[in-house]
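Student:
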Amino acid sequence: TKDDEERLAAKPRSAQVEPPEVTDEAKVTLYPPGRLAHLYRHCGVCRAAWVSREHQALHRIDPDRGLLSGHKGDAYRAALQEALSRARGAKPPVWRP
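Quick note, the sequence shown lines up with residues 706 to 802 if you use the working numbering.
Right, here's the structure in full:
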């Protein structure tokens, strides 16, 4: 907005944060917005944990067969529901590898 622009203009140049200039596209770092919940399986049970946007595991994506199907809306909903019920104390079935 215009008010925001005026406030930024009033700040000394050293107080303004500017993105670094990157000339090599391979070195551009992107971060997902908001809070991230990492959904994973441990002993056959879906669990969730909050992770930092800067977490090292998010710096590289290794595609595999289940990547697309595991990142669709239905898969997220089912995993979140399972993790939530586990967090609320639901007993998982006995794990048999």
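Cβ atoms here follow ideal geometry from the backbone N, Cα and C, with glycine treated the same way. These numbers were taken from a predicted model, which means no experiment stands behind them.
(1) With 16 as the cutoff for other CB atoms within 10 Å, does residue 788 come out buried or exposed?
(2) Pull up the distance between the alpha-carbon of residue 786 and that of residue 763, whole angstroms please.
(3) Could you pull out every residue in the same chain whose Cβ sits closer than 6 Å to the Cβ of residue 753, ignoring the five residues on either side in sequence?
(4) Just reading off the beta strand (DSSP E) that residue 745 is part of, what are its end residues?
(5) Could you give the residue range of the beta strand (DSSP E) that holds residue 753?
(6) To the nearest angstrom, report how far apart residue 776 and residue 783 are at their CA atoms.
(7) Could you give the DSSP three-state label for residue 794: helix, strand or coil?
(8) Taking the continuous alpha helix (DSSP H) assigned at residue 775, which residues delimit it?
(9) Using DSSP with H/G/I as helix, E/B as strand and the rest coil, what is residue 781?
(10) Compute the beta-carbon to beta-carbon distance between residue 755 and residue 740, rounded to the nearest angstrom, for a pair I have assumed lies under 8 Å.
Tutor: On the basis of the coordinates in this document:
(1) Under this definition residue 788 is a buried residue.
(2) Distance between residue 786 and residue 763, taken at the CA atoms: about 23 Å.
(3) Answer for residue 753: 742, 744, 788, listed in chain order.
(4) 741 to 747 is the span of the beta strand (DSSP E), which, as asked, contains residue 745.
(5) In the DSSP assignment, residue 753 falls within the unbroken beta strand (DSSP E) covering 750 to 756.
(6) The straight-line gap from Cα to Cα measures roughly 11 Å.
(7) Under the three-state reduction of DSSP output, residue 794 falls in the coil class, being neither helix nor strand.
(8) For residue 775, the enclosing alpha helix (DSSP H) begins and ends at 772 to 775.
(9) Residue 781: helix per DSSP, three-state reduction.
(10) With 8 Å as the limit, residue 755 and residue 740 qualify as a contact, their Cβ atoms being about 6 Å apart.
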